[in-house]
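>
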Amino acid sequence: MEKKKMINNSMFDKSMLLRAVKDSFIKLSPKDELKNPVMFLVYVSALLTTILFVFSLFGIKDGIVTAAFILCVAIILWATCLFSNFAEAVAEGRGKAQADSLRATRKEVIAHKLIDKNDKNQIESIEGTLLKKGDYFLVEANEQIPADGEVVEGAASVDESAITGESAPVIREAGGDRSAVTGGTTILSDWLVIKVTQEAGNSFLDKMIGMVEGANRKKTPNEVALEILLVALSLIFLLVTASLYTYTSMTSVLLGVKDSISVVWLIALLVCLAPTTIGALLSAIGIAGMSRLNRANVLAMSGRAIEAAGDVDVLLLDKTGTITLGNRRAAEFIPVDGHEISEVADVAQLASLADETPEGRSIVILAKNQFGLRERKINEKHLEFIPFTAQTKMSGVNYANVEIRKGAAANIEKYVKENNHQYSKECQNIVEKISKKGGTPLVVTKNYEIYGIIYLKDIIKKGVKEKFADLRKMGIQTIMITGDNPITAAAIAAEAGVDDFLAQATPESKLETIKEFQKKGHLVAMTGDGTNDAPALAQADVAVAMNSGTQAAKEAGNMVDLDSSPTKLLEIVKIGKQLLMTRGSLTTFSIANDISKYFAIIPAIFMNLYPRLQVLNIMHLSSPTSAILSALIFNALIIVALIPLALKGVKYREVTAKKLLNHNLLIYGLGGIIIPFIAIKLIDMIVASLLGIV
Amino acid sequence: MNIIVQILPYVILPFILAIPLGLYMSKLVDGEKNFMTKVISPFENKVYKWLKINQKEMNWKKYLSSVLSLSVMSFIVLFLILKFQDLLPMNSNHFTGMSWTLAFNTAISFVTNTDWQSYSGETTLSNFSQIAGLTVQNFVSAAVGIAVLFALIRGLKRSSVNVIGNFWKDFIRIQLYVLIPLSLVTSVILIATGVPQTFSGSKTVDLVQPVAVNDNGVPITNAKINVKTKAVTVNGKKINNVSIITKEELPLYAQASQVAIKQLGSNGGGVLGTNSAHPYENPSPLSNFIEMTAMMLIPAALCFTFGFSIKRRREGIAIFITMTILLTFGLVVSVLMEQKGFSLAHIGNLNMEGKEIRNGVTISSIWSVFATATGTGSVNASLDSFSAFAGMIFMILIQLGEVAFGGVGSGLYGMLGFVILTVFIASLMVGRTPTYLGKKIGPKEMRMAVLACLATPLAILLGSGIAATLKSTLGSLTNSGAHGFSELLYAFSSAGGNNGSSFSGFNGNTEILNILLGLVMIIGRFLPIFAVLVIAGSMAKQKVSAETSGTLSTSNITFIVLLILVILIIGVLSFFPALSLGPIADFLTRR
């Protein structure tokens, strides 16, 4: 089963880049620029500088600066705007490509609408888009399903690769948890009668296209809050530069100096101080977070859900598939009443030869591995296999005069006693011991005599214990949900290292557990698929519905996992945290950058008033002109340099908040202070040599 | 080392007293009994009855409107007293009423806990204006600041409710349980050190040695005066057009009580123009020590109040440490720079110029740092005379928003604004949506926190930016060049930060400056109060989210360091250009 991801992973696909470049010019329209207040400030500054340049051509002077200098500043400012647009366009590019490929799968389909819902022979052919909610239609092999719906009759294998990227077909059938079908998928065999649940335009595919394209992307509360901070800082810097103009004029009067200030200098100062780096990348970070989630084959119904995922501190995890491998395995043969262990293995293997369940197979394999017992040919001894039935709850084999059975202790006890034999005391003790350890004992008998016990164990997945320990460090509790009895659950919970467990879980008890955690102020995440999971999914803060699940579950959740993988929750939490971390780190970096820019620009613009302020020129930039240009160039280039980081997200590690903060502060805080000093100096050396040539 | 030994006593005493006082005040926040309840509560209940106060708790809007109505009322009353003091009793010196712009400025100044003074008390104000006007406002404005903080603390500790306390009740309890008892004790001690407390009005006494002055009132040096013949000679030459002064007026007021609350309530408005540099406000090193302790006491104690009240002492201690570090930074740098002083070749070191001999260089510096850091703004030396660098430290302490302890109440609620900003950035860096004390910081809280933190820079930059365009401003400066600009920047910083101290060279008493400075004071005071009460209201409504090891700690060293950095960076980014034109240029050109 090879998995074909919808999106190729190379970050800079050539056509995508070209499209982004084109888009970044289109986004220069004032309407688009207004959406991002910080960059709008740069946009207005660029316009103003351009006007000043035109003025200067007509001899209207701005302080002592030359027309060429104003032109340079104008060009750099326009470039800054374009870089910001480019960042957003690149981030959107992936989503757009994915949306395009989804659109391609959506074609006009003729639907076979049932005139009478109970009679699938009377059909009317209409266009798929005309189906109404509550209509019934029939789909047959090799036809595309025209609308989202619920299977009411029939069973079929369906190719859902158009949506999930998973090429292996899945079974869809009436009743149960596998009854939901999605419009745009194709039936490979058999037929289905489907009741429409979503009309065209509102379908899952439509929603999916909207989400991946980011067309109806709304700013999340956290993004808005951050933007408020950035806008406030920009406004203060606007005030700083405006007041600086009046301060300088007053100082010129006090000192008797003329032409001491120019507007272009102040514009340069303003743009350098305003948090343009994070301002330019903010929306790209949000879009990229969403698209990372899409690439994990998870569809979030809102951006809020991703952010909430970063905050989740309680994970409700299904035992099967997440914590343990799907099935129990035989771990040990335990003889009783003086039998040899090899005897037990032999009997157990015979009893399991025809048992095609994973448990049964694991018994055969264990016997083979431990005692070299080869699989015997089934016909070898004229074996008569007794399959497992709901009445006997035993399975086994008869041959010659031998009757072999294996089964749960209680059933075997009944079977033995009914045949007038003694049930073994030793066996009972061992059975109890195994149960306490969380295992499942199977008792084997030969001719009503207890030979021994097969110890079936849940196999904990590799690495989950470490994973949960890491999560604990991050303050995330893991709760195991299982239908097992409390004793078994406790043992597995201890072995897997989860913090708590919910045994004999019912939909009601899940809902209660979630409510209880929320009352204590926790944010809870869970995965679910069945209709009976819907109430709990609706209650959870982050609710991941499996795509294989029912329509009800999908509607109750705020994310859909197209892979239907139980471990997806961990990845979602990671993406959520990474999204917030990227925002925070780049904000810190952006603000920290300002310090060096001050040291570049302040001595430069006060050159005439107070030449002694040159001691603040600690980078020894070659001239005021090159100092200002270098700071501006750095300011523009850093946006481009950080695009990959904004798209990929900062490095994520499962450690405590304290360690994470120290680490990110060191890199983005201290780095944000130091890097621009070095970079501006380097740019200055280049600019100065260019100015020398000119 | 030497510096630390000199600084320590001034810091240790208020810090030690702050812990029990903090605990005591936390009981006021929580409405619990304390050891004074028995004595005061009968009286307290009577006050509620007399004033017909409804003791029901208020939501933030009600609380804010109560704060504002009290402030507006205070402003009107004080304005009228100052404007018409000639018609009011206890005006033994027959002072005329203030001009309306000066009365506006002064009334705003005392209502906003700024106590910026564009006048000299001893030549302008009657005893009635001093006592019924200014001293009353010193109590009122201080209690308003503390009450707003109480409301914020309640907002942070409560969950799922709308109400954040009753303003009138808070106000009265703060007066009865904190300000009045502390002022009484402090006044008595000050009287014991020799500070006058009288309603007699000024006294005229004979000078020991007469002084001759010319027409402009400038004393003539080396003059020989014959009192009987009224002849004045200098080096044997007779000089005409001189007046001989034989009497002096001693400015006696109810100084002790006014000084006590001026220091305790981080007001800073002196009875006399020279404030605590005058021997009648601050006669000895002992009185100086007491006044400095009084300045630091309540702001420091409120940190602990916060910790006790929210039942997380570590949080209070973390903020206390943050403030102490900022204060220490100010103390060490300014004391060092001032001890080094500034020398002129033909005169020698000038670091004693503008300072009182009984206080000396170091203690004058410590006082000035305390006064600017706490928002008190009282002075015991001329700030204009400090070295450029020390002067810059004072300015920065104000411009940072006065959060190194700051004004009573206002310092801590300002700091909590910065804490929220820091939590926001830091939480993102650890991958969480931001919460402080379990409360979410969403767009609304962020908008208000930003407003609270940036109100000071906004007010200062706006006011000084406009003033710098006015030709008339140049006339208010004593010095030219960078130092002259520093005078202007300092005046607006002091007004915007609600500090009240001044580079004494600056004459703020012009019509336009009186109004401009008054407006700046209003922005600097009420914008943060509004923001803080909105935050209190929205925090109180929220549920508390659980804390885990993935939650950002707001009481460890990393957070303290980050908080300090955020405060410094916002301050530096807002004021670096202005400071470059003022004290930095001053420092570099005078070097």
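These protein sequences, in sequence, are chains A and B. All letters in the first sequence, in the order written, are residues 1 to 694 by this note's numbering. All letters in the second sequence, in the order written, are residues 695 to 1285 by this note's numbering. C-beta atoms are modelled at their ideal positions from N, C-alpha and C, and glycine is treated no differently. These numbers were taken from a predicted model, which means no experiment stands behind them.
Nearest CA to the CA of residue 1286/B: which residue from 950/B, 934/B, 899/B, 913/B?
Residue 1286/B lies beyond the stretch modelled for chain B, which goes from 695 to 1285, so this question has no answer here.
> Taking the alpha-carbon positions, what's the residue 994/B to residue 1129/B distance?
Going by the C-alpha atoms only, they are around 25 Å apart.
> Using 8 Å as the cut-off, can you tell me whether the stretch 1088-1097 of chain B makes contact with the stretch 557-564 of chain A, which would need three or more C-beta pairs spanning the two stretches below that distance?
Contact fails: fewer than three Cβ-Cβ distances are below 8 Å.
> Quick one: what does DSSP say residue 399/A is sitting in, helix, strand or coil?
Reduced to three states, the DSSP call for residue 399/A is strand.
> Please list, in chain order, the residues of the stretch 238-257 of chain A that have any C-beta partner in chain B closer than 9 Å.
From the stretch 238-257 of chain A, only 239, 240, 241, 242, 243, 244, 245, 246, 247, 248, 249, 250, 251, 253, 254, 255 have a Cβ closer than 9 Å to chain B.
> Just the chain A side, please: which residues come within less than 7 Å of residue 1250/B by C-beta, in chain order?
Under the 7 Å cutoff, chain A gives 658.
> What are the boundary residues of the alpha helix (DSSP H) that residue 917/B is part of?
Counting along the chain, residue 917/B falls outside any alpha helix (DSSP H), though it belongs to the beta strand (DSSP E) covering 917-920.
> Taking the alpha helix (DSSP H) that residue 884/B falls in, what are its first and last residues?
Counting along the chain, the alpha helix (DSSP H) containing residue 884/B begins and ends at 874-887.
> How would you list, in chain order, the residues of chain A whose beta-carbon sits under 8 Å from the beta-carbon of residue 1237/B?
The contacting residues are 521.
> Is the CB of residue 9/A under 8 Å away from at least one CB in chain B?
Reliability fails at residue 9/A, whose pLDDT of 45 lies under 50, so the model's placement of it is uncertain and the value that follows must be treated cautiously. So, not an interface residue.
> According to DSSP, residue 526/A sits in a beta bridge with which residue or residues?
Note: residue 526/A sits in a beta bridge opposite 316/A, 543/A.
> Does any residue of chain B bring its CB to less than 8 Å from the CB of residue 3/A?
The predicted position of residue 3/A is uncertain, since its pLDDT is 40 and thus under 50; no value can be drawn from it.
> Counting only runs that start and end within the stretch 720-801 of chain B, where is the alpha helix (DSSP H) found for 4 or more residues in a row?
731-744, 754-777, all fully within the stretch 720-801 of chain B.
> Output the distance between the C-alpha atoms of residue 518/A and residue 129/A, rounded to the nearest integer angstrom.
Roughly 42 Å between the two C-alpha positions.
> Under the assumption that residue 458/A contacts residue 477/A (Cβ atoms under 8 Å), give the Cβ distance between them as a whole number of angstroms.
In fact, because the Cβ distance is near 21 Å, the residues do not count as touching under 8 Å.
> What residues from chain A crowd round residue 1240/B, counting only those whose CB sits closer than 7 Å?
What residue 1240/B touches in chain A: 313, 520, 521, 522.
> If you measure from the beta carbon of residue 880/B to each beta carbon in chain A, is any gap under 8 Å?
No, no contact with chain A.
> Can you tell which of 1123/B, 1117/B, 889/B, 1191/B has the C-alpha that lies nearest to the C-alpha of residue 1068/B?
Here the closest residue by C-alpha is 1191/B.
> Please report whether the beta-carbon of residue 1271/B lies at a distance below 8 Å from any beta-carbon of chain A.
Cβ-Cβ to chain A under 8 Å: yes for residue 1271/B.
> Check residue 197/A in the structure and name its three-state DSSP category.
The answer is coil: DSSP assigns residue 197/A none of H, G, I, E or B.
> Using the rule of at least 16 other Cβ atoms within 10 Å of the residue's Cβ for burial, across every protein chain shown, is residue 258/A buried or exposed?
The residue is exposed, with fewer than 16 neighbouring Cβ atoms inside 10 Å.
> Output yes if chain B places a C-beta closer than 8 Å to the C-beta of residue 405/A; else output no.
For residue 405/A, the answer is no, since every Cβ of chain B falls outside 8 Å of its Cβ.
> Quick one, which of 566/A, 537/A, 570/A, 565/A has its alpha-carbon nearest residue 554/A's?
For residue 554/A, the nearest C-alpha among the options comes from 537/A.
> If I follow the unbroken beta strand (DSSP E) through residue 973/B, where does it start and stop?
Taken as a continuous stretch (DSSP letters only), residue 973/B belongs to no beta strand (DSSP E), as it is neither H nor E.
> From this set, 46/A, 343/A, 493/A, 472/A, which residue's C-alpha is nearest residue 444/A's C-alpha?
The option with the nearest alpha carbon to residue 444/A is 343/A.
> Which full runs of the beta strand (DSSP E) of 3+ residues lie inside the stretch 150-213 of chain A, going along the chain?
Entirely contained in the stretch 150-213 of chain A, the beta strand (DSSP E) runs reaching 3 residues are, in chain order, 155-159, 170-173, 186-196.
> Closer than 7 Å by beta-carbon distance: list the chain A residues that pair up with residue 1283/B, in chain order.
In chain order: 610, 612.
> Indicate whether residue 1158/B and residue 1183/B have their beta-carbon atoms separated by less than 8 Å.
Taking 8 Å as the Cβ cut-off, residue 1158/B and residue 1183/B qualify as a contacting pair.
> At what residues does the beta strand (DSSP E) containing residue 112/A begin and finish?
110-116 is the span of the beta strand (DSSP E), which, as asked, contains residue 112/A.
> Thinking C-alpha only, which one of 167/A, 262/A, 475/A is nearest residue 658/A?
For residue 658/A, the nearest C-alpha among the options comes from 475/A.
> Should residue 27/A go down as buried or exposed, given a rule of 16 or more other Cβ atoms within 10 Å for buried?
Residue 27/A comes out buried.
> Could you tell me the distance, in whole angstroms, from the CA atom of residue 600/A to the CA atom of residue 672/A?
Going from the Cα of residue 600/A to the Cα of residue 672/A covers about 15 Å.
> Which parts of the stretch 1163-1240 of chain B are runs of the alpha helix (DSSP H), unbroken and 4 residues or longer, counting only runs that do not cross its ends?
Here the runs fully enclosed are 1165-1170, 1175-1190, 1205-1235.
> Please determine if the stretch 1128-1144 of chain B and the stretch 1169-1177 of chain B are in contact, where contact requires at least 3 C-beta pairs separated by less than 8 Å.
At 8 Å Cβ cutoff, the stretches do not touch.
> Quick test of your reading: residue 1060/B and residue 1265/B, contact by CB under 8 Å. State the CB separation rounded to the nearest angstrom.
The pair is not a contact, with the Cβ atoms about 21 Å apart (cut-off 8 Å).
> Who are the Cβ neighbours of residue 772/B in its own chain at under 7 Å, not counting the five residues just before and after it?
Excluding residues within five positions, the ones whose Cβ falls inside 7 Å are 801, 804, 805, 827, 831.
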